[in-house]
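934 is the number of the first residue of the sequence shown in the numbering used here; add one for each residue after it.
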Amino acid sequence: MTGVALVVGGAGFIGSALVRLLATRGPVRVLDDLSTGRREHLDGVAGVDLRVGSMLDPADVAAAVDGAGVVFSLACLGVRHSLARPVENHEVNATGVLRLLEAARRAGVDRLVHTSTSEVYGTAQRVPMDEDHPPWPHTVYGGSKLCGEAHVRAYHRTYGLPTVVLRPFNAYGPRSHHEGDSGEVIPKFLVRARNGLPPIVFGDGSQTRDFTYVEDTAHAIAAAATAPGAVGATLNVGSGTEVSVLDLAARVTAAAGRPDLRPDFAPPRPGDVLRLVADSSAATRLLGWRPTVGLDEGLARLVAWHRDAGTDWAAALTEDRARNWELVG
Ligand SMILES: NC(=O)c1ccc[n+]([C@@H]2O[C@H](COP(=O)([O-])OP(=O)(O)OC[C@H]3O[C@@H](n4cnc5c(N)ncnc54)[C@H](O)[C@@H]3O)[C@@H](O)[C@H]2O)c1
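Following this line, the structure appears as structure tokens:
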């Protein structure tokens, strides 16, 4: 592979973990509009050229792709955002990907690795879910991500662009979002527990997810850039371990040192997926990838990372919004 690695969305949660990994290997360029990402996520990482700009702006994208070898496509607007602002969400997750593909095709990049999501499947109809599981997204986020990955496959088929599509299941770890509509379940539970507040569980807590530590997710994405047999593939990236939200609440409160906290229950979230569990054997076969960090170990690492970072838990709580899919302002 030649040229600089370009990470679009590299100031975000998974993107910054990927940039940290890639920066140990060579120069990295980031294109990010900092809408949900943060400049500080790349603090202390040497050799990163951060360009603040939008994937929706053809000039920003063309300049970012110029001279790039591998392009990593991670920019997105999230699932709760899609419930309040569906059209804007589709614009980034589908049309933005199309703009990036077109720039990558014109520039003749070596490879484009696209990060889709397990949300394209909707609730599991059978488990574990392999890549042939029917895609039946519940939300515009899932629909727009499915559209984005379809464009990636189309560019491979039609124009011969060397592409790989990955479908990570839920990721967690350092720099995950607790705030606003970006807030994810693990950091939200953690912020509340560290403030002495019970986790809020929407529905009865029997819905399940498959969690992967973010460094494992980043390793899968990086491996997809070089694995010889991966071009044209669509691959799940998950742990294969199914955990209910109720069980998760107990594990997070325990990791936070507050096992005494019992959940508060609230009505279900609109569009919530009820069951997810990955079969990632194709990623193991084609990328040589396996998750290495179990959930309890990952939660302990996350708590330790916050301790070292000196997280202000009271300030974090002010940024948390319980019903974070509802439009504000
Ligand atoms: N977090 C998860 O559990 C998870 C699970 C499955 C898949 N994914 C996928 O992984 C990718 C990264 O997710 P994340 O959790 O790190 O999200 P994130 O919100 O932390 O990162 C997305 C980044 O994209 C940037 N961005 C948004 N719109 C942009 C635009 N128009 N131009 C340039 N940059 C823009 C944001 O500022 C942010 O830095 C996404 O494609 C997401 O769909 C995430």
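C-beta atoms are modelled at their ideal positions from N, C-alpha and C, and glycine is treated no differently.
Cβ pair residue i, residue j closer than 8 Å
| i | j | result |
| --- | --- | --- |
| ARG1090 | VAL1098 | no |
| SER1049 | GLU1021 | no |
| GLY1136 | PRO1201 | yes |
| PRO1068 | VAL1046 | no |
| ALA1008 | GLY942 | yes |
| ALA1182 | GLY1129 | no |
| ARG1195 | PRO1131 | yes |
| GLY1173 | LEU1219 | no |
| CYS1080 | ALA1017 | no |
| GLU938 | VAL961 | Before going further, note that residue 938 is Ala rather than Glu in the sequence given. Contact: yes. |
| ALA1040 | VAL1210 | no |
| ASP1229 | ARG1184 | yes |
| VAL1073 | SER1015 | yes |
| LEU1010 | TYR1088 | no |
Heavy atom of ligand 1 within 7 Å of residue i beta-carbon
| i | result |
| --- | --- |
| PHE1281 | Summary: the structure shown does not reach residue 1281, with the chain confined to residues 934 through 1262, and so no result is reported for it. |
| HIS1084 | no |
| LYS1121 | no |
| VAL1025 | yes |
| HIS1110 | yes |
| SER1115 | yes |
| VAL901 | Residue 901 lies beyond the stretch modelled for the chain, which goes from 934 to 1262, so this question has no answer here. |
| ASP965 | yes |
| PRO1101 | yes |
| LEU1010 | yes |
| SER987 | yes |
| VAL970 | Per the sequence presented here, residue 970 reads as Gly, with Val not at that position. For ligand 1, at least one heavy atom lies less than 7 Å from the Cβ of GLY970. |
| VAL1206 | no |
| THR1048 | yes |
| ALA1104 | yes |
| LEU1228 | no |
| SER1051 | yes |
| LEU1219 | no |
| GLY942 | yes |
| LEU1007 | yes |
Whole-number beta carbon distance between residue j and residue i, since they are thought to touch under 8 Å
| i | j | result |
| --- | --- | --- |
| VAL1003 | VAL978 | That belief does not hold up - the Cβ atoms of VAL1003 and VAL978 are roughly 17 Å apart, past 8 Å. |
| GLY1221 | ALA1156 | 7 Å |
| ALA1249 | HIS1111 | 6 Å |
| VAL1060 | ARG1208 | 7 Å |
| LEU1235 | PRO1107 | 7 Å |
| GLN1140 | ASP1205 | 6 Å |
| GLY1000 | GLY936 | 5 Å |
| ARG1265 | TRP1258 | Outside the modelled stretch of the chain, which goes from 934 to 1262, sits residue 1265, for which no answer is possible. |
| LEU983 | VAL1025 | Going by Cβ atoms, the distance from LEU983 to VAL1025 rounds to 19 Å, so no, they are not a contact pair. |
| ALA956 | VAL998 | Between VAL998 and ALA956 the Cβ distance is about 19 Å, and since that is not below 8 Å, they are no contact. |
| ARG1044 | ALA1158 | 6 Å |
| ARG1127 | ALA1189 | 5 Å |
| ALA1199 | ILE1119 | No, ALA1199 and ILE1119 are not in contact; Cβ-Cβ is about 18 Å, not under 8 Å. |
| GLY1030 | HIS1084 | For clarity, residue 1030 is Val in the given sequence; the question names Gly instead. So it is a contact: roughly 6 Å between Cβ atoms. |
| VAL1042 | TYR1146 | No, VAL1042 and TYR1146 are not in contact; Cβ-Cβ is about 29 Å, not under 8 Å. |
With 16 other Cβ atoms within 10 Å as the buried cut-off, status of residue i
| i | result |
| --- | --- |
| ALA1237 | exposed |
| PRO1224 | buried |
| LEU1260 | exposed |
| PRO1101 | buried |
| PRO1070 | buried |
| ASP1197 | exposed |
| VAL985 | exposed |
| TYR1105 | buried |
| ARG1240 | exposed |
| GLY1243 | exposed |
| ALA1247 | exposed |
| THR1186 | buried |
| ALA1255 | exposed |
Residue i CB to nearest heavy atom of ligand 2 below 7 Å
| i | result |
| --- | --- |
| GLY1029 | No copy of ligand 2 occurs in the structure displayed; its ligands are ligand 1 alone. |
Indicate whether the contact test is met: 3 or more Cβ pairs, each with one atom in the region 1122 to 1137 and one in the region 949 to 968, closer than 8 Å. no
So, does the region 1155 to 1172 touch the region 1208 to 1226, judging by three or more C-beta pairs under 8 Å? yes
Does the pairing of the region 1174 to 1186 with the region 971 to 990 give three or more beta-carbon distances under 8 Å? no
Report yes or no: do the region 1146 to 1164 and the region 945 to 964 share at least 3 C-beta pairs separated by less than 8 Å? yes
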